[in-house]
Each structure stands twice: as structure tokens, then as C-alpha cells.
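The structure appears right after this line, and notes come after that.
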Amino acid sequence: MTSDANALLDSAKVFIAPLDSKRAEEALARVLEKDGAANGALAALLLERPQARDLLLGVFGSSPYLTDLSARDPARLARILISDPAQRIEALIEETRNIETQDEAELMRLLRLTKQDAALVIALADLAKVWDMPEATRALTRIADATLSAAIRFTLRAAALAGKIELADQRDPERGSGWIFLGMGKGGAFELNYSSDIDLIVFFDRSRARLADPSEDVDFFVKLTKRIVRIMSERTADGYVFRTDLRLRPDPGATPIAIPLEAALSYYESMGQNWERAAYIKARPVAGDIFAGEQVLQELAPFIWRKYFDFAAIADVHSIKRQIHAHKGHGKIAVAGHNIKLGRGGIREIEFFVQTQQLITGGRDRRLRGRSTLAMLDQLVESGWVAREARDDLREAYLFLRDVEHRIQMVADEQKHTLPETEDGVAVIGCMMGFSGYADFAEALLKRLDVVQSHYAK
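Be aware that the sequence shown starts at 130, since it is given in my numbering, and climbs by one per residue.
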């Protein structure tokens, strides 16, 4: 089989050594059994390129999810191994952009197959260290954006065919639709984790949407948004695309899932809270009417980026910090059972360390209004707010902990952030990180957790 110039298999820097070789061989045998029932492409590749077997034994010995995904289509796995992962992701995004079907079931199938392909490409490139963490999270986020856009285009075209809305651009239904999707948190910052929800806030702009019956605009956009959630989140025989969470919108217990823009702007102006300012630091128009979404963020800039923080506002920021400490899972630093995201010394502490600095100084320094955690750590150093040593410590710990988080989630495609409760379970995660076993991994992990906690506690 002919490989691409930068094929994943040829670029692999790490080959995981499975802790349980028998289990790994049995998993590979199950995949090859499926391969034999097809065209034998994977078996042929393993004969031709023995390093492929080494790579797959480590992956299959650690992740039932990736084993099952590979068994669905072994020929696809073979193609991925000899493809350039960056080109593969670009091709998936382009294919998604060109989906033209008018059948919802077919759309859902195609989007789920895209996610399957992307999940395999990204996991293998990540585990083999072909990509670093930022490259992997960016690819995940771009796939989320592309599949969400495809669902929105389909839904808008269906509504137009039903005579409910007039599209400003038939070729690009999202443009000028007034239907705004803001990606929040990691999705907004191109930092999605491996099995992440996508956090969205959905607005609609009455001045842009060309509805057949403007008096039913709330009902119309709520129904469309519910359809988007179902297309993206519903589990079928092909899995799901991305779980979708709309709870970051203003007053979620009392507001519709698609909010009139003027009502949202009024809320933030009169009632917006500091935790919402922090949430909007990473906000990005990810799909729908992108131009309208960019204008919304411009209008919200004075709310997000206050030039002056009074004592009450600073006290409120400190109260958020106390809430993080009080959160379940934020107990003493540990290894087995430790929450890598919310626990002491975890990812959330690094993110909050950066975001609090941004909230306090970003109103006066536009350079500190970026979305990326790592880029803003660098900028905080350049602006004189953080010492280089602290930046270096936090950057290295962040990259390490995000890698751990990804591997926890790769085992079974679950949005988990907690290490297994047993040493054997933790050893599997350590193995996926390239460590020889529990002890080496535990030592490295505790070192990072302690470093983060020492900076966060200051």
C-alpha cells in the first residue's frame, strides 16, 4: 500500500507498550477477523509494515473504544495509518461542507461516519505523538464546527423548502440567517477534549431573519435548535456526533434554548455576572450566521472587558475561586481516583489562573483578550503580569494534564476527567502516556499537580 508523504505510521514517535500483551493480541485478532470478512486491507498492511502491528497492539490493549471503532471498518483504519492525518482531517471537513442530502437519516449517518473517522485519526495521531495536544484539540474543534454547520445548513434548507424562512443565500444558508451559534469554553478556544460536549449559546436576530411569520420567531428558532441538538447528540447504530449543551445561556431555567438577541443583550447589560464575563472570554461564533455572531461579541465587549474592576467585582472573582475549591472532587492531591480537571492542581486551576488575570487586566490591555489558555499565558509574561518561571511551569503541567485527560476519555469515549480507582487502571493510563507502569506515571503526575497548586494558591 502506498503511503502519503507524511503518513501517520511513518511519523509515529511513540509506540505504546501494552500492559497486557494477551489482551492486546486478542483485540487485534478480533479486528483482523472483521478485516478478513472484508477485503483484508489491514492484514496486508501489517504484513508489509510490521511497525503497524506494534502501534495497534498498544492502542487496542488500552482502549476498548478504539478497538471497536477499528473493527467497524478495518480498511478505514488501514487507510488512516498510511495517510497524512492533517490532510485526512481537511478532507473530512471538505466532505462535510459538500453534504447535499435532504434526508435527515442520511445526514445523521454521514455526520456520524465523519466523527468516527476523525476520532480514529485524532486518537492515533495523539497517542503516537505525531501531533501535540494543541494540534489534536484544534482538529477536534474544527470537526465539531464543520459537523454543526452541516446540521444547520440542512435544517435551514428544510425550513426554506417548507416555506418557513427565506434564505439570504441559497448556496450558503447560514449567511444572513440571523441564527447565531456561539461556542463557549474549550470549543470557543479550539481546545475541545477528546470526548467533549460542545457548549453553545444560541441567539437569533429578528432584524436579519426573514421569517414567513415573524410573530412565531421564538417558537420557530426553538424548534430548529431542538432539531440541531437531536441531529448532533442522538445515539444511533453509528454512534453520535457531539453531545450538545445549551445551559450557559442567560438564566437557563427560565429562557428558551434560542434567545432573541435584544433580550440577551439587555440581560447582560443589566444582570450579567462575573462568571459569565469569564465564560465569554473564550466565546467564538462557531456556526450559523458568523458575521452576526462577530457583531454580537463586539457589542458584548464592554460587558466582558471592564476597564475598571471595583472591590466588589474582585471579591466576586475570589468567590468563584472558593467555589472551585468547594467543588466535589477538589479534595487532596492524589493519583487513583483524582479528578484531573476539577481536582487540586488540575486543569481548571490553570485555566482560572489565566482567566482571572484576563478579567482584571483585559479591559485596559487588548493583548490579553485572547481565547487560548497557552497563548494568554505567554502574553501575561510579555505584559509583565506573570513570571516566566510560573508560565513555564504552568504550560508544561497544562500540556501534561490535558494529555492525561484525553487518554482517560479515549478508553471508552466517556466524558470523564477522573483517573481509575485502582492502580491497575491508572497503570493503563500511564501506559498510554508512554510510562512503564503505575509508579513512574504517579510520580510524574504528582509533580505536576503540586506545581499547579503552588502557583494557584498564591
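Just so you know, even glycine gets a beta-carbon here, dropped at the ideal spot from N, CA and C.
Would you identify the three-state DSSP class for residue i, choosing helix, strand or coil?
i      : result
Asn403 : helix
Pro414 : strand
Thr384 : coil
Lys457 : Because Lys457 carries a pLDDT of 47, less than 50, the predicted location of this residue cannot be relied on, and no value is offered for it.
Gly316 : helix
Thr547 : strand
Leu340 : strand
Ile462 : coil
Gly368 : strand
Ile294 : strand
Asp197 : helix
Thr373 : strand
Glu398 : helix
Asn135 : coil
Phe144 : coil
Arg435 : coil
Pro203 : helix
Ile209 : helix
Gly305 : coil
Val259 : coil
Asp346 : helix
Pull up the CB-CB distance for residue i and residue j, whole angstroms please, since I reckon it's below 8 Å.
i      : j      : result
Thr502 : Val483 : 5 Å
Gly119 : Ile330 : The structure shown does not extend to residue 119, since the chain is modelled only from 130 to 587, so the question has no answer here.
His535 : Ala247 : No, His535 and Ala247 are not in contact; Cβ-Cβ is about 14 Å, not under 8 Å.
Tyr194 : Ala541 : 5 Å
Ile294 : Arg339 : 6 Å
Tyr567 : Glu552 : 5 Å
Thr225 : Thr243 : 5 Å
Leu171 : Leu206 : 6 Å
Ala318 : Arg500 : 4 Å
Gly417 : Ile309 : 5 Å
Arg335 : Ser306 : The pair is not a contact, with the Cβ atoms about 12 Å apart (cut-off 8 Å).
Leu523 : Ile479 : 5 Å
Ile211 : Asp133 : 7 Å
Arg378 : Ile388 : 6 Å
Tyr409 : Leu429 : 6 Å
Ala491 : Leu578 : Residue identity differs from the one stated: residue 491 is Gly in this sequence, not Ala. That belief does not hold up - the Cβ atoms of Gly491 and Leu578 are roughly 28 Å apart, past 8 Å.
Does the beta-carbon of residue i have 16 or more other beta-carbons within 10 angstroms, so that it is buried, or is it exposed?
i      : result
Glu320 : buried
Leu657 : Lying outside 130 to 587, the shown extent of the chain, residue 657 is not represented and no answer is given.
Val581 : buried
Met400 : exposed
Gln538 : buried
Gly292 : exposed
Leu138 : buried
Leu104 : Within the shown structure, residues of the chain are numbered from 130 to 587, placing residue 104 beyond reach of any answer.
Thr274 : The amino acid occupying residue 274 in the given sequence is Asp; Thr does not appear at that position. Buried, by the Cβ-count rule.
Val464 : buried
Asp213 : buried
Glu303 : buried
Lys470 : buried
Asn227 : exposed
Ser324 : buried
Ala153 : buried
Ser278 : buried
Tyr527 : buried
Ala141 : buried
Asp164 : buried
Gly382 : exposed
Gly513 : exposed
Which stretch, first to last residue, makes up the beta strand (DSSP E) that contains residue i?
i      : result
Ala387 : 387-389
Val331 : 327-333
Phe189 : From DSSP, Phe189 is part of no beta strand (DSSP E) but of the alpha helix (DSSP H) over 179-189.
Quick check: does the Cβ of residue i come within less than 7 Å of any heavy atom belonging to the ligand COA?
i      : result
Tyr527 : The ligand COA is not part of the structure shown, which contains no ligands of any sort.
If we cut at 8 Å on Cβ distances, does residue i have a partner in chain C?
i      : result
Gly382 : Protein chains in the displayed structure number just one, and chain C is not present.
Starting from residue i, trace the alpha helix (DSSP H) both ways and give me its first and last residue.
i      : result
Phe570 : 567-585
Asp312 : Note on identity: in this sequence residue 312 is Gly, with Asp being the wrong assignment. Run containing Gly312: none in the alpha helix (DSSP H); it sits in the beta strand (DSSP E), 308-312.
Met539 : 517-541
Met561 : 552-561
Phe481 : 476-490
Arg473 : Neither: Arg473 is in no alpha helix (DSSP H) and is coded neither H nor E.
Ser278 : 262-290
Asp255 : 233-256
Glu224 : 214-226
Gln601 : Since the displayed the chain opens at 130 and closes at 587, residue 601 lies outside it and no answer follows.
Glu229 : Glu229 -> no alpha helix (DSSP H), and no H or E assigned at all.
Ala156 : 150-166
TODO: Examine the Cβ distances between the segment 474-489 and the segment 506-520 and report whether three or more of them are shorter than 8 Å.
DONE: yes
| task | Assess, as a yes-or-no matter, whether the segment 145-164 is touched by the segment 177-189 under the definition of 3 or more beta carbon pairs within less than 8 Å. | result | yes
May I ask you to verify whether the segment 390-408 touches the segment 359-370, counting CB pairs closer than 8 Å and requiring at least 3?
no
Practice item. Would you check if there are 3 or more beta carbon pairs closer than 8 Å linking the segment 462-480 to the segment 565-579? Key: Yes, they touch.
Q | Three or more C-beta pairs below 8 Å linking the segment 274-285 and the segment 345-358 | A | When C-beta atoms of the segment 274-285 are compared with those of the segment 345-358, three or more pairs fall below 8 Å, so the two segments count as touching.
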